[in-house]
Amino acid sequence: PPPVKVGACRALSQLLQDSNYDTMQPHIIGLFSAIVELLKQ
Numbered sequence: 027p028p029p030v031k032v033g034a035c036r037a038l039s040q041l042l043q044d045s046n047y048d049t050m051q052p053h054i055i056g057l058f059s060a061i062v063e064l065l066k067q
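If you count by my numbering, then the sequence shown holds residues 27 to 67, one letter each, in order.
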């Protein structure tokens, strides 16, 4: 459902703003891959 996709994008955006770059950097490809797969559905 579209609201789930919007919510996931907002949550990821907030997570990236609030997190330390060094902490998130190893996971960034996985995060973006997951969001792309969600948006394809």
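All residues carry an ideal CB built from backbone N, CA and C; glycine is no exception.
| Check | Outcome |
| --- | --- |
| Whether Leu-41 touches Met-50 by CB criterion (9 Å) | yes |
| 7 Å Cβ shell around Leu-1 - same chain, five flanking residues per side excluded | The chain is shown from 27 up to 67; residue 1 falls before or after that span and cannot be answered. |
| Alpha carbon of Gln-43 to alpha carbon of Cys-35, nearest angstrom | 12 Å |
| Proximal residues to His-53 (C-beta, below 7 Å), its chain only, five neighbours per side dropped | none |
| Length of the line joining the Cα atoms of Ser-45 and Pro-29 | 24 Å |
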